[in-house]
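Quick notes on the structure that follows.
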Amino acid sequence: MAALFKRATTRWRSRHATLLEPVTNPGSLADHLDDNGEGQSLIANMESSSDAQQHPPAEVRDGERQHIDSGMAKKIVRKIDRNIIPLLFITYMFNFMDKTILSSASVFGLRNDTVSCFSVLYRQHYRTYTTVRSSTSFWFMITDDGAQNLKGQNYSWVSSIFYFGYFAWTYPTSILIARLPVAKYMTANTFFWGAVVALTAACRNYGGLLTVRFLLGIAEATITPAFMFLTSTWYTRDEIPTRTGIWFAGNSVGGLVASFVAFGFGHISNDDKVGPWRWMYIVLGVLTFVWAFVLWIWLPDTISKARFLTADERRYAADRVVVAGTGSTEKTAWKWDQVKECFVDPKTWFIFGLEIITQIPNGGTQNFANLVIKSFGFTSLQSTLINIPYSLLSAGIIAGTGWLAGRYRKMNCILIAIIVLPCITGAAIIYSRDSVSSGVQLFAYFLLSPGPAAMPLAMSLVQANYRGVTKKMTMSALLFLAYCAGNIAGPQFFKAAEEPHYNTAFRTIMICYALVVVLALGLRFYLQWMNAKRTKEEGYEGSAGGAGAVGGGKVMQADGNANDVADMVDRVELRPEDYEDVTDWKTAGFRYRL
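Sequential numbering from 4 applies to the sequence shown in my numbering.
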């Protein structure tokens, strides 16, 4: 392994000798150690890697690095925030609105205007179609009144089929995100998803709804994994939870905007040729399609292509992710050994389990929200307005918990456990609704609002605790496979026979959120044990706020603010091997956020 690494280093130097000053031989890393004595574990780490050298970005190769003081560092981070986060936030807002407008459409005519497949065949010619088997008392009847509406579990399947499309495309799109220009690929998917949403208005039957919902799942499967990839490309480990919380809050803001949209279009008479629910889909689909042009123009694929940064700023932005993030993500290849490592990593399955059991409640309440609120005694229009404060609560909790998880490195799993406790209480009250007033039922519904915050916290654990592009994207794919499984299952617990109380659904929600507490605490104890184990094996304290040992064995400790990150970048002399695509298991000094 060491010989292979040495040959790769020699080839890289021979190609770029005019661009770089000579670097220290990997075999003499101990000469560059701090007093902590980190060298032996780092040397072992370097020798264990059989991957070929990855070229650093052009800004890193060309010329001397300019000193960046703390003031300039803060300015660069603000520029990145201004140019990246709003694009992600608004896109995620559209993503949520287009996916969940189904809930509002369900109370504004969708279930009455769409017909079953059998009804489409017979209703134009027969008021009643009856088949009688001779010499038996068995008969089969389809009537126009009974079969034409979207009833029974059909609506649940219209909700769930979205996640079958999402499920089918999750892993292929994760590979494509790592191989293609991520922003352009994501934008192409946004064009497609906007068109699909607009075409939903043309649906006249159950089969048509199933088709467009399945295609919408395929189109939107790229968005969140791409956002996770972009966030880990641009931000340090301490910054990732906060930024993820901000753009994920677009979900709840999208729910807020969707409620206003539904309230406005809800005043259109159902006698109108188009109808209110069709207008919802047309307007949101067209807006999404137009927004895709904005992404195409303004969202860069990588740091090296960011036109809003100067060459020196791009170099610093790339270096800060290598020193205090999860490593460089430019010019990567798909590596099957990282796929294998992801599957045998225990934390993978803790997070996978967490995602499934948080999304079962989400999948149901997300699509049955308006129907549940109507069951409290409110009208269709009132149900859309009630979702406004619910969305505001969710947005605030998502952003707030994201900030806390970024500020305190040992809070992530604890926050997941805490935020689901009100959800357990709320589900229990709704489950026993026969003995409480409608006002108390509504209060219980608002207690469910912290639940969506569990997902961005789990996502930030993936972004901050996984190194290696292939390993991280594989984990992202597994995360969203679990997301799909939970959202497919969730609506099925809302049984049509139990409408409007849905006792099975709310009993399931209580059980799932109780299991979330157990798994979140179990994951925390496992990560804490892993950190202690790695410290004992390596002989020194690592860092949960940096990328591990870089620049010849230096493990940087920082509080995560711009001053510390700028100082970290300034104090270390990054070498070509620091830009390698290496996993967290093979990175000395890398410690996990809890």
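Note that the Cβ used here is the ideal one computed from N, Cα and C, for glycine as well. Computed from a predicted model, the values in this text were never measured in an experiment.
Length of the line joining the Cα atoms of residue i and residue j
| i | j | result |
| --- | --- | --- |
| Ser52 | Val585 | With a pLDDT of 37 at Ser52, under the threshold of 50, the modelled position of that residue is not reliable, and the figure given next carries that caveat. Cα to Cα, the separation comes out at about 8 Å. |
| Leu3 | Cys416 | A query on residue 3 cannot be resolved here, the shown segment of the chain reaching from 4 to 597 and no further. |
| Trp339 | Leu105 | 39 Å |
| Thr329 | Tyr284 | 39 Å |
| Ile401 | Ile93 | 16 Å |
| Phe496 | Lys343 | 34 Å |
| Arg594 | Pro279 | 53 Å |
| Ala204 | Tyr505 | 29 Å |
| Leu211 | Arg323 | The displayed chain sequence assigns Gly, not Leu, to residue 211. In a straight line, the C-alpha of Gly211 is about 49 Å away from that of Arg323. |
| Phe111 | Gly269 | 6 Å |
| Leu357 | Cys206 | 36 Å |
| Thr477 | Leu91 | 22 Å |
| Ala457 | Gly429 | 16 Å |
| Phe296 | Thr190 | 8 Å |
| Ala336 | Ser177 | 12 Å |
| Gly380 | Ser441 | 7 Å |
| Arg182 | Val439 | 55 Å |
| Ala523 | Trp532 | 14 Å |
| Tyr543 | Asn534 | 11 Å |
| Glu502 | Val375 | 9 Å |
| Gly471 | Thr236 | 12 Å |
| Arg240 | Asn468 | 8 Å |
| Pro184 | Lys82 | 21 Å |
| Tyr277 | Ser107 | One point to set straight first is that residue 277 is Val, not Tyr, in the sequence displayed. Distance between the alpha carbons of Val277 and Ser107 is about 16 Å. |
| Leu395 | Asn373 | 16 Å |
| Ser463 | Ser272 | 44 Å |
| Phe2 | Thr590 | Only positions 4 to 597 of the chain appear in the structure, and residue 2 is not among them; the question remains open. |
| Ser598 | Ala499 | Beyond the ends of the chain as shown, which are 4 and 597, falls residue 598; an answer cannot be given. |
| Arg436 | Tyr582 | 58 Å |
| Leu482 | Thr382 | 37 Å |
| Phe194 | Trp299 | 10 Å |
| Asn86 | Phe311 | 8 Å |
| Leu290 | Lys187 | 18 Å |
| Gly267 | Ser109 | 15 Å |
| Lys9 | Thr225 | For Lys9, the predicted structure reports a pLDDT of 49, less than 50, and the residue's modelled location is therefore unreliable. A value from the coordinates is still provided. One C-alpha to the other measures close to 38 Å. |
| Gly454 | Leu418 | 11 Å |
Among the options, nearest to residue i - alpha-carbon criterion
| i | options | result |
| --- | --- | --- |
| Ala547 | Ala517, Tyr505 and Asp587 | Asp587 |
| Thr368 | Arg216, Arg510 and Phe292 | Arg510 |
| Ser397 | Ser162, Ala320 and Leu259 | Leu259 |
| Ala321 | Ala591, Lys589 and Ala76 | Ala76 |
| Val161 | Cys515, Gly454, Asn370 and Leu287 | Asn370 |
| Tyr319 | Trp532, Gly493 and Lys78 | Lys78 |
| Arg412 | Pro244, Gly403, Thr193 and Gly267 | Pro244 |
| Val256 | Asp437, Ser452 and Thr225 | Ser452 |
| Ser163 | Arg436, Gly493 and Ile249 | Gly493 |
| Gly288 | Phe99, Ile271 and Asp437 | Phe99 |
| Phe528 | Thr507, Arg596 and Phe263 | Arg596 |
| Phe353 | Ile512, Tyr238 and Ala485 | Ala485 |
| Ser378 | Ser262, Tyr434, Phe194 and Arg246 | Tyr434 |
| Gly405 | Thr247, Gln156 and Thr361 | Thr247 |
| Gln444 | Ala431, Gly454 and Ala327 | Ala431 |
| Pro349 | Gly592, Gly489, Asp84 and Val465 | Val465 |
| Phe446 | Pro392, Phe292 and Thr103 | Pro392 |
| Val293 | Phe97, Met513, Asn490 and Ala517 | Phe97 |
| Thr227 | Val347, Tyr516, Pro459 and Ala569 | Pro459 |
| Lys475 | Ala569, Phe230 and Ile359 | Phe230 |
| Asp101 | Pro364, Leu518, Arg216 and Val572 | Arg216 |
| Leu518 | Asn157, Leu113 and Ile360 | Ile360 |
For residue i, the residue or residues it bridges with in DSSP
| i | result |
| --- | --- |
| Phe593 | Ser546 |
Cβ of residue i within 8 Å of any chain B Cβ
| i | result |
| --- | --- |
| Val585 | Here chain B cannot be found, since the structure has a single protein chain. |
Would the region 312-324 count as touching the region 71-86 if we require 3 or more Cβ pairs under 8 Å? yes
Is it a yes or a no for the region 302-309 touching the region 219-231, going by three-plus beta-carbon pairs under 8 Å? No: the two stretches stay apart, fewer than three of their Cβ pairs being nearer than 8 Å.
Runs of 4 residues minimum, wholly inside the region 467-518: which ones carry the alpha helix (DSSP H) assignment? 472-495
Under 8 Å: do the region 372-391 and the region 171-181 share three or more Cβ pairs, one atom per stretch? no
Say whether the region 534-542 touches the region 180-199, bearing in mind that this needs 3 or more beta-carbon pairs closer than 8 Å, one atom from each stretch. The region 534-542 vs the region 180-199: no contact.
Whole alpha helix (DSSP H) elements within the region 414-469, 4-residue minimum: 415-422, 424-434, 441-449 and 457-468
Please give the ranges of any alpha helix (DSSP H) in the region 200-258, keeping only runs that are unbroken, at least 4 residues long and fully inside the region. 209-223, 226-237 and 243-251
For a minimum of 4 consecutive residues, which ranges assigned as the alpha helix (DSSP H) are wholly contained in the region 348-416? Taken in chain order, the complete alpha helix (DSSP H) segments of 4 residues or longer contained in the region 348-416 are 349-378 and 383-410.
Entirely enclosed alpha helix (DSSP H) segments - the region 254-314, minimum 4 residues: Runs of the alpha helix (DSSP H) lying entirely within the region 254-314 and spanning at least 4 residues, in chain order: 279-301.
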